[in-house]
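If you use the UniProt record's numbering, the sequence shown closes out at 565, no skipped numbers anywhere.
Below is one structure; the comments refer to it alone.
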Amino acid sequence: MAPDSEAPNHHLHHQHAYESFASVSPDFDDIDAGSGKSESVPSRPERDWDGVKVEEVDVPDRRGWRKLMAYVGPGFLVSIAYIDPGNFESDLQAGARYQYQLLWVILLASGFALIIQSLAANLGVVSGKHLSEHCRSEYPRSINLGLWLLAEVAIVASDIPEVIGSAYALNMLFKLPVWVGVLFTGLSTLMLLALQQYGVRKLELLIAFLVFTMAACFFIELGYASPPVDSMLVGLVIPKLEGPGATGLAVSLLGAMVMPHNLFLHSALVLTRKIPRNKSSIKDACQYYLVESGFALFLSFLINVSVISVSGAVCSSSNLSDENRDSCTNLDLNRASFLLRNVLGRWSFQLFAIALLASGQSSTITGTYAGQYVMQGFLNLQFQPWLRNLFTRSVAIIPSLVVALIGGSAGAGKLIIISSMILSFELPFALIPLLKFTSSTTKMGPHANSTTVTYVTWVIGFCVMSINIYFVSSALWDWILHSSFSTVSLIFLGLSGVVAILVYLGAIIYLALRQDKEVTYLLSEGDYEVDGGDGDTEAPRTSSELELHALLDSLDSKDSGQPRQ
Numbered sequence: 001m002a003p004d005s006e007a008p009n010h011h012l013h014h015q016h017a018y019e020s021f022a023s024v025s026p027d028f029d030d031i032d033a034g035s036g037k038s039e040s041v042p043s044r045p046e047r048d049w050d051g052v053k054v055e056e057v058d059v060p061d062r063r064g065w066r067k068l069m070a071y072v073g074p075g076f077l078v079s080i081a082y083i084d085p086g087n088f089e090s091d092l093q094a095g096a097r098y099q100y101q102l103l104w105v106i107l108l109a110s111g112f113a114l115i116i117q118s119l120a121a122n123l124g125v126v127s128g129k130h131l132s133e134h135c136r137s138e139y140p141r142s143i144n145l146g147l148w149l150l151a152e153v154a155i156v157a158s159d160i161p162e163v164i165g166s167a168y169a170l171n172m173l174f175k176l177p178v179w180v181g182v183l184f185t186g187l188s189t190l191m192l193l194a195l196q197q198y199g200v201r202k203l204e205l206l207i208a209f210l211v212f213t214m215a216a217c218f219f220i221e222l223g224y225a226s227p228p229v230d231s232m233l234v235g236l237v238i239p240k241l242e243g244p245g246a247t248g249l250a251v252s253l254l255g256a257m258v259m260p261h262n263l264f265l266h267s268a269l270v271l272t273r274k275i276p277r278n279k280s281s282i283k284d285a286c287q288y289y290l291v292e293s294g295f296a297l298f299l300s301f302l303i304n305v306s307v308i309s310v311s312g313a314v315c316s317s318s319n320l321s322d323e324n325r326d327s328c329t330n331l332d333l334n335r336a337s338f339l340l341r342n343v344l345g346r347w348s349f350q351l352f353a354i355a356l357l358a359s360g361q362s363s364t365i366t367g368t369y370a371g372q373y374v375m376q377g378f379l380n381l382q383f384q385p386w387l388r389n390l391f392t393r394s395v396a397i398i399p400s401l402v403v404a405l406i407g408g409s410a411g412a413g414k415l416i417i418i419s420s421m422i423l424s425f426e427l428p429f430a431l432i433p434l435l436k437f438t439s440s441t442t443k444m445g446p447h448a449n450s451t452t453v454t455y456v457t458w459v460i461g462f463c464v465m466s467i468n469i470y471f472v473s474s475a476l477w478d479w480i481l482h483s484s485f486s487t488v489s490l491i492f493l494g495l496s497g498v499v500a501i502l503v504y505l506g507a508i509i510y511l512a513l514r515q516d517k518e519v520t521y522l523l524s525e526g527d528y529e530v531d532g533g534d535g536d537t538e539a540p541r542t543s544s545e546l547e548l549h550a551l552l553d554s555l556d557s558k559d560s561g562q563p564r565q
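Next comes the structure, spelled out in structure tokens:
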């Protein structure tokens with residue numbers, strides 16, 4: 001216990017603990033302090049989030065393939081963000097300009113993504129709440145509303161490349177105008193989302209099928225292109241940034257691999273499995289989700305490598321005309337299909353279009369799915385699924401449709417770049433809360449990140465955020481320098497940009513340094529033993545008693561350096 005001289009402060013600590021604990025524990029007032037009876041801790045109650053029921057997939061008790069297959073699903077939905085049309089465009093440009101030189105960036109970014117996504121999965125499994133719910137309980141209302149708006153904008157921004165990519169694919173397959181493809185994409189996505197009424201498992205299986213379809217298409221393309229294996233291996237293991245623009249493209253490849261909405265989505269999707277509330281089951285679930293996410297992200301890594309390699313092989317082919325070879329320096333999704341058709345033949349062109357369509361459709365599904373969890377978590381609002389889907393689709397389709405009508409394919413391609421900048425700008429406002437919550441014992445209990453993991457993840461997070469800030473700042477600065485505004489307007493824009501950057505950095509620093517206040521960890525059976533007073537230990541009683549005991553023990557340890565007896 002703390003020294004007597006610190007007793008008043010210690011008492012205030014305990015009073016604050018009781019108040020904080022009571023605010024998050026619905027059964028706190030029902031604790032029978034003298035009963036001595038034991039009560040098993042139940043699993044998470046079933047909840048209905050915007051029509052998507054959470055407690056749906058049973059997990060076998062015995063370890064093995066059947067248990068692993070029960071966890072398969074969330075990782076594939078999350079992996080879609082790493083193989084969306086926006087990433088395809090960056091991959092095509094990387095291969096066209098530098099052949100296989102930047103493959104190591106994809107390898108490094110995939111490793112970063114696996115670590116960050118595993119933290120999101122762990123947060124949901126351990127705490128029983130997803131990331132947006134934690135934000136609602138932790139931050140003041142004004143901050144919470146701001147984070148919600150940023151998350152919604154990020155979801156819409158991530159949806160724009162998917163809509164445009166699908167429209168490009170329909171243009172390749174059926175010669176539909178891009179604006180018609182945009183409209184059709186919205187309708188088809190709503191039809192596919194109707195599958196969630198039959199259960200989340202059906203939706204996961206559909207996404208997994210689309211991912212494997214993309215993989216098959218690009219692997220077949222890779223077989224046609226036949227890039228040199230030795231050059232690919234050198235590009236994977238030897239970092240190089242040779243040539244003008246290589247650094248900027250590497251930055252965009254690395255920065256685009258961690259998507260803000262993916263962190264909210266992954267932490268929510270893992271709640272679709274029934275996991276007993278005990279330490280061993282929670283630990284097993286985290287391990288199985290790590291394996292499942294690792295496999296899904298490895299598959300997306302192979303697809304990205306295939307796209308870069310196909311592009312590199314195509315643009316270095318001797319069969320290209322001088323005109324098409326020159327166009328490789330400004331390769332986009334629409335132009336890439338033309339090159340692939342001329343070099344690899346008609347069937348490869350069709351395969352590329354099918355893969356692009358699968359990528360766009362699956363990405364729009366997961367984006368809308370993430371929007372449901374974000375709105376429910378931040379605002380605790382319930383909407384009919386079709387209404388929420390219609391809102392998300394409409395907001396993403398409107399700018400895509402307007403740009404496609406006015407600017408055509410070229411304008412739609414520029415919109416993809418703008419949406420990538422928006423996502424880069426908003427990443428810290430999802431990543432920082434995730435890193436803080438998973439390192440907090442009040443959120444994760446004994447499953448909180450170790451000191452080593454905490455340092456490593458913060459370094460990774462800092463690097464990713466710095467890359468994204470650099471990407472956005474340099475793009476904005478380049479736009480200001482090459483604009484046709486007057487000198488006065490340029491000065492005004494420059495000053496406004498400096499103020500905006502300072503506010504932006506201030507918000508990031510606030511989130512990073514703010515002390516967590518809410519206790520939300522769902523204690524597991526057997527986490528702690530309660531001393532009955534005669535030297536014997538009693539079985540744990542209610543989850544509320546155990547959580548309060550753990551909280552007070554933590555506070556006492558901070559005061560005296562020793563556990564509470």
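Where a beta carbon is used, it is the ideal one built from N, C-alpha and C, also for glycine.
Computed from a predicted model, the values in this text were never measured in an experiment.
What residues in its chain sit with their C-beta under 6 Å from that of residue i, if we drop five residues either side in the sequence?
i    : result
V464 : V258
V251 : I467, F471
S79  : A296, L297, S300
L173 : A353
Report yes if the C-beta distance between residue i and residue j is below 8 Å; otherwise report no.
i    : j    : result
T520 : S137 : yes
P74  : R66  : no
H447 : V229 : no
Y289 : Y71  : yes
A355 : A225 : no
V270 : A121 : yes
A285 : R277 : no
E162 : S363 : yes
M214 : I303 : yes
Q361 : L493 : no
L415 : S400 : yes
A208 : F88  : no
L476 : G497 : yes
S359 : I83  : yes
S110 : F391 : no
L434 : A370 : no
G124 : L333 : no
R97  : L249 : yes
G367 : D159 : yes
F378 : L147 : yes
I460 : F112 : yes
Just the C-alpha distance for residue i and residue j, rounded to the nearest angstrom, thanks.
i    : j    : result
V307 : L236 : 14 Å
A81  : G64  : 29 Å
T247 : L241 : 6 Å
T487 : I467 : 30 Å
L357 : I417 : 19 Å
I397 : L183 : 7 Å
W179 : G86  : 18 Å
L187 : A268 : 26 Å
L331 : L205 : 33 Å
G506 : A353 : 44 Å
L145 : P428 : 16 Å
I275 : L490 : 57 Å
F425 : I469 : 6 Å
S293 : V453 : 18 Å
S439 : S473 : 30 Å
S327 : R335 : 8 Å
W49  : W479 : Residue confidence for W49 is low, a pLDDT of 47 falling below 50, so the modelled location carries little weight and cannot support an answer.
K202 : V57  : 11 Å
D27  : T451 : Low confidence applies to D27: its pLDDT is 40, below 50, so where it sits in the model is not reliable, and the reading given next is rough at best. Cα-Cα distance, rounded: 33 Å.
Residues in the same chain with beta-carbon distance under 8 Å from residue i, minus the five sequence neighbours each way, listed in chain order, please.
i    : result
A512 : I432, K436
Using a Cβ-Cβ cut-off of 7 Å (strictly less than) and excluding sequence neighbours within five positions of residue i, which residues of its own chain qualify?
i    : result
L351 : C217, I220, E221
M232 : Y100, L103, S309
K129 : T520
Within 8 Å of any Cβ in chain E, is that where the Cβ of residue i sits?
i    : result
R273 : The structure shown contains no chain E; it is built from a single protein chain.
Handout entry: Given 8 Å, three or more beta-carbon pairs between the region 166-185 and the region 86-106
Key = no
Practice task
Give a yes or no on contact between the region 419-435 and the region 492-503, applying the rule of three or more CB pairs nearer than 8 Å.
Solution key: no
Problem - At least 3 beta-carbon pairs within less than 8 Å: the region 296-311 vs the region 94-107 - result: yes
Practice task
Please confirm if the region 258-270 is in contact with the region 140-159, defined as three or more CB-CB distances below 8 Å between the two stretches.
Solution key: yes
Handout entry: Validate contact between the region 104-124 and the region 289-300 using beta carbons, cut 8 Å, 3 pairs
Key = yes
Practice task
Within the region 268-315, note down every full alpha helix (DSSP H) run reaching 4 residues or more, in order along the chain.
Solution key: 279-315
Exercise for the section: Tell me the start and end of each unbroken alpha helix (DSSP H) in the region 52-106 that is at least 4 residues and wholly inside, in chain order. Expected result: 65-71, 74-79, 85-98
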